[in-house]
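Working notes, beginning with the structure itself.
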Amino acid sequence: MVLGISSFTYGWSVGVAGKMPVLPFTEVDLVDKTLEAGLRCLQIGDNLPLHTLSRERLDNLKALIVRHHIRLEVGARKLTPEHLHTYIALAAFFRSPLLRFVVDGDQYEPDHATIVAIIKEAVPLLNKYNLVLGIENHDRFKAKELAAIMDAIGSERVGICLDCVNSLGAGEGLDWVSSVLVPYTVNLHVKDFTIRRFSHMMGFTVTGTPTGEGMTDVPRLLDNLAPFNRCESVILEQWVEPEGNIENTVKKEMEWAARSIRFLKQLPHFKDKV
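The opening residue of the sequence shown carries number 172 in the working numbering; numbering runs sequentially from there.
Written out as structure tokens, the structure reads:
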């Protein structure tokens, strides 16, 4: 497995609506951060949507990743046929081996049959471009539902992008979700978190932590993935609780990323190559 970072490693730095930094991160900044970390894998997700970039910026990004031998993974949201085809073309342009997709989008929540039909229609293109499509577990879908979708598609070109925390939104914890989805996992979003009870004792809050300092047992999860030999990349994401202003939030995000990368790089599971 290859270790990498994401545009969601630096979500506040890329920018969140209503709390934008003075100089939001661009795709070039993310390449720089990848190199600073001594890594060669970068996933750019839907918080910096590649289909909105100019041809000049796309060409420049491709030149950068080729020059620095970076594995670029493309990410998107809203699995319509048109949007999927747009991002398959972008993945082909960047020679990305992985395309990660969140199914749902703004006012768009397709049913299982629609999801299966859209993806099955695209499998010949995935084969043509030697591309793997990773569907992310994201809030609405329970693990068994995602497994059923994978079985209905029945292609080695399609698997799961397993996020460590998202399925809490569907009422399911990582131990259960990973026990169901690990055999299908082609990409891992490693994200650490903690759960705290409110001071009034009526309820809990879930918040992020630097990786290795929370409740995610990352080494055990990586051990569980290894026998299936399908997960090629592990991508650091972060849920950084904001500070009083965006400047301090970004500073905190940078510190967390550095601590998380140090923790992950000392694990024995990663290949030192793309």
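Beta carbons: idealized from backbone N, C-alpha and C, even for Gly.
Predicted model only: the values in this text are computed from it and were never measured.
{"Query": "The region 178 to 195 in contact with the region 414 to 425 per 3-pair CB rule at 8 Å", "Result": "yes"}
{"Query": "Distance between R368 and S404 (C-alpha atoms, nearest Å)", "Result": "34 Å"}
{"Query": "Within the region 268 to 320, ranges of the alpha helix (DSSP H) (whole runs, at least 4 residues)", "Result": "283 to 299"}
{"Query": "Three-way DSSP call (helix, strand, coil) for V377 in this model", "Result": "strand"}
{"Query": "Cβ neighbours of H360 in the same chain (closer than 6 Å, five flanking residues each side left out)", "Result": "D334, I406 and E408"}
{"Query": "H239 versus P220, L206 and L296, residue with shortest Cα-Cα distance", "Result": "L206"}
{"Query": "Under the three-state DSSP convention, the category I236 falls into", "Result": "helix"}
{"Query": "Nearest residue (CA-CA) to T376, options G340, L345 and Y355", "Result": "G340"}
{"Query": "G283 to N395 span [Cα, whole Å]", "Result": "Just to set this straight, residue 283 is His in the shown sequence, not Gly. Each residue's alpha carbon lies about 27 Å from the other."}
{"Query": "Sequence ranges, alpha helix (DSSP H) only - wholly within the region 331 to 370, length at least 4", "Result": "345 to 352"}
{"Query": "Length at least 3, wholly inside the region 379 to 420: the beta strand (DSSP E) runs in chain order", "Result": "404 to 407"}
{"Query": "As assigned by DSSP and simplified to three states, the class of K442", "Result": "coil"}
{"Query": "Beta-carbon proximity of M172 to L352, cut-off 9 Å", "Result": "no"}
{"Query": "C-alpha distance - L221 paired with A428, whole-angstrom precision", "Result": "23 Å"}
{"Query": "Within 9 Å, strictly: CB atoms of L250 and P281", "Result": "yes"}
{"Query": "Three-pair Cβ contact test at 8 Å for the region 255 to 273 versus the region 294 to 311", "Result": "yes"}
{"Query": "For R242, the residue or residues it bridges with in DSSP", "Result": "C212"}
{"Query": "Separation of N218 from T180, as counted between CA atoms", "Result": "11 Å"}
{"Query": "N- and C-terminal bounds of the alpha helix (DSSP H) containing R206", "Result": "Inspection of the sequence shows that residue 206 is occupied by Leu rather than by Arg. From DSSP, the alpha helix (DSSP H) with L206 extends over E198 to E207."}
{"Query": "Which listed residue (I176, D203, R211 and K291) has its alpha carbon closest to that of K442", "Result": "R211"}
{"Query": "Cβ pair S177, L235 closer than 9 Å", "Result": "no"}
{"Query": "9 Å Cβ cutoff met for G379 and E412", "Result": "yes"}
{"Query": "Three-state secondary structure (DSSP) of R226", "Result": "helix"}
{"Query": "Cβ neighbours of P252 in the same chain (closer than 8 Å, five flanking residues each side left out)", "Result": "I289, E292 and A293"}
{"Query": "Range of the contiguous alpha helix (DSSP H) that encloses V185", "Result": "G182 to V185"}
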